[in-house]
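Asks:
Residue numbers (the working numbering): 645 to 994.
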């Protein structure tokens, strides 16, 4: 297996990993199967050696993962698609290994360096060799404005198109551990637009061009994240930083419940990260004030309303985990990965 991703810096994108190292082949496959069964039904030869490793970054709209695994069969049946209702595509870059099989009625034979797209609403059956891959879980709604998605199931990028997208994914793999979470929308847009352009270069679609509205939203989000410590972070400040009119600013944040709500959510997310960090020994009130809250009571009410727990509960949970690091077996990491996939399912359903 190739080298793992470096661990992310504090305050960067949410990250999870697990490894079956040290487990017997049977136990290793059981742990792996529990993780991957959220998307695929996996099986293997009974006596074959097996190990697996998963690392994933949550970019909000897209899950970026590295998978290394032993030889096995993957399947996705119509019954699975109806049951989980995942309206996503899986984009795979096989750095080593590969597979043969069928995506619907389309035959597949993927070699290292090639990139495949699977529509999770359609059936799939493959036999994979021991492989090391990078994978994206991309919701359909991000691709549909850019290109027709009906015929993407089993589509393979080869040659120059595959090399260009592979270079992009490998560069991201190096940069994601240090990427500020506020930059995730920029990364998501670039990944999707480049994929659409390489998958269907014959299409000319104005939607593939980065819009001024998207750039303005990125500027606004970056400004907010850089100034959460200011208690007087006003919509006017954000408007000036984004270089848009007041009406345009409210349209940009309409889907987020408005500028003030977005700012509140970002403050609470940063506070929760600090409370979960056992090395952060500041008082809860100090954390709240450092992230722009002017009242500890208001912070506590808003925190509990969003997370269903008090700041003190979250801090106590983080310290308990730090005192008992050995209590987290590989299955804990699997549960985290499962939870991420199920969140994507819920996001589609809502």
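Backbone N, C-alpha and C define an ideal beta-carbon position, used for all residues, glycine too.
Go ahead and label residue 704 buried or exposed: buried means 16 or more other beta carbons lie within 10 angstroms of its beta carbon, across all protein chains shown.
Replies: exposed
Asks: How is the beta strand (DSSP E) around residue 735 delimited, first residue to last?
Replies: 732-740 is the span of the beta strand (DSSP E), which, as asked, contains residue 735.
Asks: Excluding the five sequence neighbours on either side, which residues of its own chain have a C-beta within less than 6 Å of the C-beta of residue 844, listed in chain order?
Replies: 791
Asks: Does the region 818-835 come within contact of the region 787-802, defined as at least 3 CB pairs closer than 8 Å?
Replies: no
Asks: Can you give me the start and stop residues for the beta strand (DSSP E) that residue 1001 sits inside?
Replies: As shown, the chain starts at 645 and ends at 994. That puts residue 1001 outside it, with no answer to give.
Asks: By alpha-carbon positions, which one of 831, 737 and 931 ends up nearest to residue 803?
Replies: 737
Asks: So, are the CB atoms of residue 761 and residue 796 less than 8 Å apart?
Replies: yes
Asks: Would you call residue 814 buried or exposed, if buried means 16 or more other Cβ atoms sit within 10 Å of its Cβ?
Replies: exposed
Asks: Going along the chain, which residues of its own chain have a beta-carbon closer than 7 Å to the beta-carbon of residue 771, five neighbours each way excluded?
Replies: 717, 743, 744 and 745
Asks: Are three or more beta carbon pairs between the region 914-921 and the region 940-952 nearer than 8 Å?
Replies: yes
Asks: In terms of alpha-carbon separation, which member of 858, 899 and 807 lies closest to residue 832?
Replies: 858
Asks: Enumerate, from N- to C-terminal direction, the unbroken alpha helix (DSSP H) stretches of 4 or more residues contained entirely within the region 649-724.
Replies: 669-680
Asks: Could you tell me which of 808, 658 and 876 sits nearest to residue 709, measuring between CA atoms?
Replies: 658
Asks: For my contact list, residue 620 and residue 676 are in at a C-beta cut-off of 8 Å; report their separation, rounded to the angstrom.
Replies: This structure leaves residue 620 out entirely; the chain is present only between 645 and 994.
Asks: Helix, strand or coil for residue 797? Go by DSSP, reduced to three states.
Replies: coil
Asks: Counting beta carbon pairs with one atom in the region 774-783 and one in the region 712-727, are three or more of them shorter than 8 Å?
Replies: yes
Asks: Determine the closest residue to residue 811 out of 823, 951 and 842, with distance taken between C-alpha atoms.
Replies: 842
Asks: Express the C-alpha separation of residue 688 and residue 822 in angstroms, rounding to a whole number.
Replies: 36 Å
Asks: How far does the beta strand (DSSP E) with residue 892 in it reach, from first residue to last?
Replies: No beta strand (DSSP E) contains residue 892, which is instead part of the alpha helix (DSSP H) from 890-896.
Asks: Give the DSSP-derived three-state secondary structure of residue 837 in the structure shown.
Replies: Here residue 837 sits in helix by DSSP.
Asks: Thinking C-beta only, is residue 861 closer than 8 Å to residue 838?
Replies: no
Asks: Give a yes or no on whether the C-beta atoms belonging to residue 734 and residue 781 are separated by under 8 Å.
Replies: yes
Asks: Give the straight-line distance between the Cα atoms of residue 741 and residue 755, rounded to the nearest whole angstrom.
Replies: If I take the Cα positions, the gap works out to 7 Å.
Asks: Taking the straight line between their C-alpha atoms, what separation do you get for residue 666 and residue 693?
Replies: C-alpha separation (whole angstroms): 12 Å.
Asks: Report the rounded CA-to-CA distance for residue 662 versus residue 887, giving the unit in angstroms.
Replies: 43 Å
Asks: How would you label residue 697, buried or exposed, when you count the other beta carbons within 10 angstroms and need 16 or more for buried?
Replies: buried
Asks: Tell me which residues share the same chain as residue 685 and place their Cβ nearer than 8 Å to its Cβ, disregarding the 5 neighbours each side in the sequence.
Replies: 718, 719, 720, 721 and 724
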